[in-house]
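For the sequence shown, the residue numbers in full-length UniProt numbering are 1 to 209. Built from N, CA and C at the ideal position, the CB exists for glycine as well. First comes the structure, then the notes that go with it.
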Amino acid sequence: MKKLHLIWIVIHLIFSCKSIASAIIEGRQYIRLNKPIHNAPQLLEFFSFYCPHCYQFEEIYHISYNIEQALPKNINFYKYHVNFLGNLGKQLTHAWAVAIALRIEDRISPILFTAIQKQQSIHTVEDIREIFIKSGVNAEKFDVAWDSVLVKSLILDQEQAAINFRLRGVPSIFINGKYMIKNEKLDISSVNAYIKQFCELLNLLIDKT
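Next up, the structure:
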């Protein structure tokens, strides 16, 4: 009787593993790019402060934060801003490059999202500058960073990546320059369910050729 019980458990585990593996299917939760992008970051998200879905993704459900917490330490998560949304899209890409250079992305991101999505208080580059200063960045340090070679290089990285990936919308997430996550097809029953399936997908694709 005990032997039959063990056999049943083994059979159950086999079918459970198969069902988990079959739950993630190319063309459903992710697509393979027709033309791989060489030297792309392992994990890359494109977003815009003007994008309402990006705001929900970041500030309501904290998806990026939870992904970062769940990622293996050897995987770097890059976030690039896009130019093609909003009157100050290009200037906000510049501002995001400053945030990256100063390593204050986590501090500045929610403030910029709130200013644009909720307060509609950003209308000029000076408004952007004031937000950085109010968040604790020294005015002179901001000005130096804004005109720096490093920031100009980071702007080019973001703009060129958007061109290379032929980006049409945000938020968009790519793995290894080969695969694009289809966010709308992941399990969105809860944040935990989404993160769990996202990490399963990442683990599946990060070493996939």
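Item checked: Top-ranked residue by Cα proximity to histidine 94, from Gly86, Leu156, Ile116 -> Leu156
Notebook entry, point to check: Among residues of its own chain, excluding the 5 on either side of glutamate 200, which ones have a beta-carbon nearer than 7 Å to its beta-carbon?
Noted result: Ile24
Item checked: Residue from Ala145, Trp96, Leu102 whose Cα sits closest to the Cα of leucine 112 -> Trp96
Note to self: Measuring only the C-alpha atoms, how far is isoleucine 173 from alanine 145?
What the structure shows: 27 Å
Item checked: Spatial neighbours of tyrosine 194 in its chain, beta-carbon cut-off 8 Å, leaving aside the 5 residues before and after -> Tyr61, Ile63, Leu186, Asp187, Ile188
Margin query: As a quick exercise: from Gln56, Asn76, Ile116, pick the residue whose alpha carbon is nearest that of leucine 85.
Written below: Ile116
Next item on the list: Out of Lys90, Val149, Glu59, Asn203, state which residue places its alpha-carbon closest to the alpha-carbon of isoleucine 108.
Entry: Residue nearest to isoleucine 108 within the set Lys90, Val149, Glu59, Asn203 is Glu59 (criterion: CA-CA distance).
Check: Closest by CA to glutamate 105, which one among Leu88, Phe165, Lys90, Tyr78?
Finding: Tyr78
Item checked: Between the CA atoms of histidine 38 and valine 191 - distance to the nearest angstrom -> 31 Å
Next item on the list: With a 10 Å radius around its C-beta and 16 neighbouring C-beta atoms as the bar for buried, classify isoleucine 163 as buried or exposed.
Entry: exposed
Note to self: Quick check for students: name the residue ranges of the alpha helix (DSSP H) that lie wholly in the segment 69-125, counting only runs of 4 or more.
What the structure shows: 89-102, 105-117
Check: Is isoleucine 181 helix, strand or coil when you go by DSSP?
Finding: strand
Notebook entry, point to check: How would you call alanine 161, buried or exposed, if buried means at least 16 neighbouring beta carbons within 10 angstroms?
Noted result: Residue burial is scored here from C-beta neighbours: alanine 161 has at least 16 other C-beta atoms within 10 angstroms and is therefore classed as buried.
Check: Residues in its own chain within less than 8 Å of lysine 196 by CB, not counting five upstream and five downstream?
Finding: Asp187
Next item on the list: Go ahead and label histidine 123 buried or exposed: buried means 16 or more other beta carbons lie within 10 angstroms of its beta carbon, across all protein chains shown.
Entry: exposed
Next item on the list: Give the single residue among Lys118, Val98, Pro110 whose Cα lies nearest to the Cα of valine 125.
Entry: Residue Val98 holds the alpha-carbon nearest to the alpha-carbon of valine 125 among Lys118, Val98, Pro110.
Next item on the list: Under 8 Å Cβ to Cβ from histidine 53, same chain only, skipping five residues before and after it: list those, please.
Entry: Val170, Pro171
Next item on the list: Report yes if the CB atom of lysine 178 is closer than 8 Å to the CB atom of proline 36, and no otherwise.
Entry: yes
Check: phenylalanine 47 bridges to which residues according to DSSP?
Finding: Partner(s): His81.
Notebook entry, point to check: Taking the alpha-carbon positions, what's the phenylalanine 132 to glutamine 56 distance?
Noted result: 22 Å
Check: On the premise that leucine 102 lies in contact with asparagine 76, defined as a C-beta separation below 8 Å, what is that separation, rounded to the nearest angstrom?
Finding: No, asparagine 76 and leucine 102 are not in contact; Cβ-Cβ is about 18 Å, not under 8 Å.
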